[in-house]
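For reference, the structure discussed in these notes is given below.
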Amino acid sequence: MIITVTLNPAVDKVMVIKDFKAGSVNRASEMMVEAGGKGINVSKTITSIGGSSKALGILAGQSGSFIEKSLQSMNIDCEFVYVEGETRTNVKISDPINNMVTDINEPGPFVSQDAVDELSKLLFNGLGKEDLLIFTGSTPQGVNKDIYKYWITAAKAFGIRCVLDADGELLANGVEAGPYLVKPNIHELERLYGAQTNSTDEIIELAERLLEKGTEMVAVSCGEKGAVFVTSSWVVTVEGIMTTVKSTVGAGDAMVAALSYGLHEKLKPEEIIKLAVASGTATVMSYGNQPSKVDIDSLIEQINVKFRYR
Numbered sequence: 001m002i003i004t005v006t007l008n009p010a011v012d013k014v015m016v017i018k019d020f021k022a023g024s025v026n027r028a029s030e031m032m033v034e035a036g037g038k039g040i041n042v043s044k045t046i047t048s049i050g051g052s053s054k055a056l057g058i059l060a061g062q063s064g065s066f067i068e069k070s071l072q073s074m075n076i077d078c079e080f081v082y083v084e085g086e087t088r089t090n091v092k093i094s095d096p097i098n099n100m101v102t103d104i105n106e107p108g109p110f111v112s113q114d115a116v117d118e119l120s121k122l123l124f125n126g127l128g129k130e131d132l133l134i135f136t137g138s139t140p141q142g143v144n145k146d147i148y149k150y151w152i153t154a155a156k157a158f159g160i161r162c163v164l165d166a167d168g169e170l171l172a173n174g175v176e177a178g179p180y181l182v183k184p185n186i187h188e189l190e191r192l193y194g195a196q197t198n199s200t201d202e203i204i205e206l207a208e209r210l211l212e213k214g215t216e217m218v219a220v221s222c223g224e225k226g227a228v229f230v231t232s233s234w235v236v237t238v239e240g241i242m243t244t245v246k247s248t249v250g251a252g253d254a255m256v257a258a259l260s261y262g263l264h265e266k267l268k269p270e271e272i273i274k275l276a277v278a279s280g281t282a283t284v285m286s287y288g289n290q291p292s293k294v295d296i297d298s299l300i301e302q303i304n305v306k307f308r309y310r
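Following my numbering, the numbering of the sequence shown begins with 1 at its first residue and continues without gaps.
Dropping the structure here:
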């Protein structure tokens, strides 16, 4: 089973505002509200691909109930710990005229250690070696920045593979535990090492530092420039596909979903990589945070994978 963990879920409110201007009255031409948060986005995309997962996390209030009901309506298995307060609402303003997306993210409710402990029990209850755990996204107030490191270390002790997609301290701490797969974007990878990359080889060099910590695969998303995938056996570079970008929300999560699905289903490396790039690209083609299977399938045929064996 694939299990996603979202400590800081959100209700994503997406507004399409043509020629958005800060400090002025702006009127939305379109609006949509959907369940979000990085791990939840991953579970939704796995469903789009045709797989299944279980979504775990921490919710609060009416917005939390909205998220849980939304997932249930999509037949996504889910289980949550509820805390006091209200799950955050994140506003995403997509401006198709200036090709820009503005994010306004709330901080989320305070989460106690007791709530984290309760979630840990849900997470580790009945796990098997074939399970795959996905830790992704920010943490709410009250949660230690070493939580992913703690969970990854505990899971690895049972021989369970983990996927990490985080930023800042969460990423820096988490990679020390050597998760099976790490999926930073290029900016997160550069911040992790305080470096600036100007070539694919420099990206590969930074990714190799993660391999030295025990990670088996590093997938670096580079926006419209494509992606770089690094293991101890091979390196793959994939050029980006030219497309109209409506929103970047959930694109990285879609890549995580496809990579995790492919690993869990034991697909060939080339199949996994094509599915990952297609899923990320398909997500930016819509205003929502979940790609369509039709778009994914059509994009896969356009992807050129270049393997470089070591």
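Beta carbons: idealized from backbone N, C-alpha and C, even for Gly.
Bridge partners of residue i, per DSSP?
i: threonine 327; result: Examination of residue 327 is not possible in this model, given that the chain is present from 1 through 310 alone.
i: tryptophan 151; result: Paired residue(s): none; tryptophan 151 is not in a bridge.
i: cysteine 78; result: Ala55
i: alanine 219; result: Phe229
i: leucine 132; result: Ile2, Arg161
i: glycine 36; result: Ala10
i: valine 238; result: Ala227, Val305
i: valine 83; result: Ala60
i: arginine 209; result: DSSP, once it has assigned bridges, lists no residue as partnering arginine 209.
Quick check on the burial criterion: 16 or more other C-beta atoms within 10 angstroms. Buried or exposed for residue i?
i: tyrosine 193; result: exposed
i: valine 143; result: buried
i: proline 184; result: buried
i: serine 48; result: buried
i: glutamate 84; result: exposed
i: aspartate 295; result: buried
i: proline 9; result: buried
i: phenylalanine 158; result: exposed
i: threonine 244; result: exposed
i: arginine 310; result: exposed
i: aspartate 12; result: buried
i: arginine 27; result: exposed
i: valine 25; result: exposed
i: isoleucine 104; result: exposed
i: arginine 308; result: exposed
i: methionine 242; result: exposed
i: proline 322; result: Given a span of 1 to 310 for the chain in the structure shown, any question on residue 322 remains unanswerable.
i: glycine 168; result: exposed
i: lysine 149; result: buried
i: aspartate 19; result: exposed
i: aspartate 117; result: exposed
i: alanine 254; result: buried
i: lysine 213; result: exposed
i: lysine 21; result: exposed
i: lysine 92; result: buried
Classify residue i as helix, strand or coil using the three-state DSSP reduction.
i: serine 43; result: helix
i: leucine 7; result: coil
i: glutamate 68; result: helix
i: threonine 231; result: coil
i: lysine 13; result: strand
i: phenylalanine 110; result: strand
i: alanine 251; result: helix
i: glutamate 30; result: strand
Do residue j and residue i count as a contact pair if the criterion is CB distance below 8 Å?
i: alanine 55; j: threonine 6; result: yes
i: valine 218; j: valine 230; result: yes
i: proline 140; j: proline 109; result: yes
i: asparagine 289; j: asparagine 90; result: no
i: tyrosine 287; j: methionine 32; result: yes
i: valine 256; j: valine 101; result: no
i: valine 111; j: isoleucine 58; result: yes
i: lysine 156; j: alanine 172; result: no
i: alanine 251; j: threonine 283; result: yes
i: aspartate 73; j: glutamate 34; result: Checking the displayed sequence, the identity of residue 73 turns out to be serine instead of aspartate. No, these two residues do not count as a Cβ contact at 8 Å.
i: serine 94; j: lysine 306; result: no
i: glycine 210; j: threonine 197; result: Inspection of the sequence shows that residue 210 is occupied by leucine rather than by glycine. No, they are not a contact pair.
i: glycine 137; j: lysine 38; result: yes
i: isoleucine 147; j: leucine 164; result: no
i: serine 43; j: isoleucine 76; result: yes
i: serine 53; j: isoleucine 3; result: yes
i: serine 221; j: isoleucine 186; result: yes
i: leucine 133; j: glutamate 79; result: no
i: alanine 258; j: serine 279; result: yes
i: glutamate 86; j: serine 63; result: yes
i: lysine 145; j: leucine 170; result: yes
Taking 7 Å as the cut-off, is the CB of residue i close to at least one heavy atom of the ligand GTP?
i: aspartate 131; result: As far as ligands go, the structure on display features none, and thus does not contain the ligand GTP.
- Query: What alpha helix (DSSP H) runs, 4 residues minimum, are completely inside the segment 276 to 310?
  - Reply: 293 to 300, all fully within the segment 276 to 310.
- Which whole runs of the alpha helix (DSSP H) in the segment 138 to 207 are 4 residues long or more, in chain order? If we require 4 residues or more, the alpha helix (DSSP H) runs fully inside the segment 138 to 207 come out as 147 to 157, 168 to 175, 186 to 193.
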